[in-house]
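Participant: Got a structure for you, questions after.
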Amino acid sequence: MKTKLILSIIVLLLLNLPFQFVQATALETIVQTQLGNENISVSIREINSGEMLFEKNGDIAMKPASTLKLLTSSAALEMLGSDYQFQTKLYIDGEMEGNTLNGDVYIKGGGDPTLQKKDFTMMASILKFNGIHQINGNLFGDDSLFSGDQLTPGIAKEDESYYFAARTSALTMSPDNDYDAGTILIHVNATNAGAKPAVTVEPSTSGMIINNQAMTVNRNQQNTIEILRQYGTNEVIVTGNIPYETTFKDWVTLFDPTINTLHAIKDNFEQNGLEFIKTSKLERKLVPKSAKSLYTKHSLPLASLMYPFLKFSNNSMADIFIKTMGNEFNGKGDTNEGLNALEEYGISIGLNMDNWSLQDGSGMSHGNKVTANELTLLLVKMRDNPAYKIIHSSLPIGGQSERNIGGSLKNRFNEEKYRNRVIAKTGHISGVYTLAGYLEANSGRTYAFAIMTQNQSSIRLNAIDEVVKKMIVKY
């Protein structure tokens, strides 16, 4: 009788275990199974109250990779405003003689990542509208709005050719609507087997030297095309084989965005009927007070830029946002002052910035550190930001195969029961995989979560995804 009573009491106790404890235990098991115990950090919070429901090493600072863009986007929208627009200005300085400008043309950069070939064409039209057909002078670029290193800390030498490691200038350009500022887009088109392929560049060669060493091969052979900029130079080398009747494209960074952009502008001006004297120079120079303003090009509003920034994890935009915040709030458009502004924002919304170590706004640097608990706290606090809806609608959506919707999550969470349930920012640098954002659980409730892994070569994306799926099922 006594034994039965004891068993009954145990059963009652088990039945009354807090459901949250059962959830946490199940999550602990899947975390340990999929991710292990070391070099990982996991956190999940209730979205409305911010209550911590589960954490594993949640207060250990780790490398966030591109999940750092969550802080950068929230700060930029709050501090600059969702309607903020970057400006690029066209000036002339000199005297007119008939259709000839005896003087110089100036382009003043405002950090616009959306400056494109079509804008150069507009500038050419404005000059011609003002009666200018020949320029007996120079084309100068004023990039003084930004200062300091064009590369943020931690960019490896071997990465400098790739679009995700572009240099940052106040006068820069993008070849397409992904707005990877500071790059050109190179197309390789096969010709006849045994001949060099055709190579074209958008918006133009832009002062770069294209060294085509590639070869067209038979249709059934492998595509081995590689496009790399030689370190510390303007030379781009195209190597490898391209099969007959195929194409290939890739982005490559500009060695000097300011000067390369001036080359692209001059190329466009000449294509549109403007003539420069043969001795004209392309150089950096401040716009003089005597210069006359002819045109101001405005970028898309910052709210619209959040879409490519977060969907496609645009690093060049992150660097531009940071330097712009530094200029607007601390009077200096460099990375350090921008990061100071970022830290001030974090403090203002209740984050413990002692748990953050910031080297850039993109997450590229291995020197960035933050805890998973701070990331989930940020995700909760972001909901109080008037621009929260902008950020939420700009994040990648799990299981959406269309790139413009799924973004960097387009090939993850594809099963029907998980599709559209994860809206989050991905992160990856060498040895580091992270994911942080919002998930809709089977209960219908929404949670903020962060999963961070580093120094674990065996960690795969599907291991992180399995943990998120367990969160969806158990909560």
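Residues -24 to -1, 1 to 451 (mature numbering (1 follows the signal peptide of the UniProt record, and there is no 0)) are what the sequence shown spells out, left to right. Here a beta-carbon is modelled for each residue, glycine too, at the ideal position from N, C-alpha and C.
Does the separation of the CB atoms of residue 89 and residue 346 fall below 8 Å?
Facilitator: Here the question's residue 89 lines up with position 113 in the sequence shown. Here the question's residue 346 lines up with position 370 in the sequence shown. It is not a contact, given that the beta carbons lie outside the stated cut-off.
Participant: Which of the three DSSP states, helix, strand or coil, is assigned to residue 117?
Facilitator: As a working mapping, residue 117 is identified with position 141 in the sequence shown. Of the three classes helix, strand and coil, the one that applies to residue 117 here is strand, per DSSP.
Participant: By alpha-carbon positions, which one of 155, 251, 208, 216 ends up nearest to residue 287?
Facilitator: Working through the sequence shown from its first residue, we reach residue 287 at position 311. Taking only the C-alpha atoms, the option nearest residue 287 is 155.
Participant: Could you check which residue in 20, 234, 10 has the C-alpha nearest to that of residue 450?
Facilitator: Position 474 of the sequence shown, counted from the first residue, corresponds to residue 450. Residue 20 is the option with its Cα nearest to residue 450.
Participant: At which residues does the beta strand (DSSP E) containing residue 128 begin and terminate?
Facilitator: Here residue 128 is taken as the residue at index 152 of the sequence shown, counted from 1. It is not in any beta strand (DSSP E) - residue 128 carries neither H nor E in the DSSP assignment.
Participant: At which residue ranges does the region 309 to 357 contain complete alpha helix (DSSP H) runs of 4 or more residues, listed in the order of the chain?
Facilitator: Listed in chain order, they are 311 to 324, 348 to 357.
Participant: Taking a contact to mean a Cβ-Cβ separation below 8 Å, would you say residue 159 touches residue 151 in this structure?
Facilitator: On the sequence shown, position 183 is the one that residue 159 refers to. On the sequence shown, position 175 is the one that residue 151 refers to. Yes. Within cutoff.
Participant: State the start and end residues of the unbroken alpha helix (DSSP H) segment that holds residue 244.
Facilitator: Walking along the sequence shown from the start, residue 244 turns up at place 268. It spans 233 to 247 - the alpha helix (DSSP H) in which residue 244 sits, taken as one unbroken run.
Participant: From the DSSP output, read off the bridge partner residues of residue 201.
Facilitator: In the sequence shown, counting from the first residue as 1, residue 201 sits at position 225. Answer is none; residue 201 lacks a bridge partner.
Participant: How long is the line joining the alpha carbons of residue 429 and residue 339, rounded to whole angstroms?
Facilitator: The residue given as residue 429 occupies position 453 in the sequence shown. The residue given as residue 339 occupies position 363 in the sequence shown. Taking the straight line from one Cα to the other gives about 14 Å.
Participant: Please name the residue, chosen from 367, 372, 441, 402, that lies closest to residue 58 on a Cα-to-Cα basis.
Facilitator: Locating residue 58 in the sequence shown gives position 82, counting from the first residue. Taking only the C-alpha atoms, the option nearest residue 58 is 367.
Participant: Run through DSSP, which three-state label would residue 255 get?
Facilitator: By one-based count along the sequence shown, residue 255 stands at place 279. Coil at residue 255, not helix or strand.
Participant: What residue does the alpha helix (DSSP H) around residue 48 start on, and which one ends it?
Facilitator: Within the sequence shown, residue 48 is the residue found at index 72, counting from 1. 45 to 56 is the span of the alpha helix (DSSP H), which, as asked, contains residue 48.
Participant: Where does residue 198 land, buried or exposed, given buried means 16+ other C-beta within 10 angstroms?
Facilitator: Numbered from its first residue, the sequence shown carries residue 198 at position 222. Classification for residue 198: exposed.
Participant: Is the distance from the Cβ of residue 200 to the Cβ of residue 188 below 8 Å?
Facilitator: By 1-based counting over the sequence shown, the position of residue 200 is 224. By 1-based counting over the sequence shown, the position of residue 188 is 212. Not a contact, by the Cβ cut-off of 8 Å.
Participant: Can you find a C-beta in chain D that's less than 8 Å from the C-beta of residue 317?
Facilitator: The chain labelled as chain D is not found in the depicted structure, where only one protein chain is given.
Participant: Using the Cβ count rule (16 or more neighbours within 10 Å means buried), how would you classify residue 301?
Facilitator: As a working note, residue 301 is residue 325 in the sequence shown. Per the 10 Å Cβ criterion, buried.
Participant: Can you have a look at residue 272 and say buried or exposed, based on whether 16 or more other CB atoms are within 10 angstroms of its CB?
Facilitator: Counting from 1 along the sequence shown, the entry for residue 272 is found at position 296. Looking at its Cβ environment, which holds fewer than 16 other Cβ atoms inside 10 Å, residue 272 is exposed.
Participant: Helix or strand or just coil, what does DSSP make of residue 386?
Facilitator: One-based indexing of the sequence shown puts residue 386 at position 410. Coil at residue 386, not helix or strand.
Participant: Under DSSP, the alpha helix (DSSP H) around residue 283 begins and ends at which residues?
Facilitator: Position 307 of the sequence shown, counted from the start, is the residue given in the question as residue 283. First-last of the alpha helix (DSSP H) with residue 283: 278 to 287.
Participant: What do you get for residue 203, buried or exposed, if any count of 16 or more other CB atoms within 10 angstroms of its CB means buried?
Facilitator: Counting from one through the sequence shown, the residue named residue 203 turns up at place 227. The residue in question, residue 203, is buried, as its Cβ has 16 or more Cβ neighbours within 10 Å.
Participant: In the DSSP assignment, find the alpha helix (DSSP H) that holds residue 367 and state where it starts and stops.
Facilitator: In the sequence shown, the residue the question calls residue 367 occupies position 391. From DSSP, the alpha helix (DSSP H) with residue 367 extends over 364 to 370.
Participant: Of all the options 244, 24, 157, which has the alpha carbon lying nearest to the alpha carbon of residue 275?
Facilitator: Reading the sequence shown from its first residue, position 299 is the one you call residue 275. Checking every option, the nearest Cα to that of residue 275 belongs to 157.
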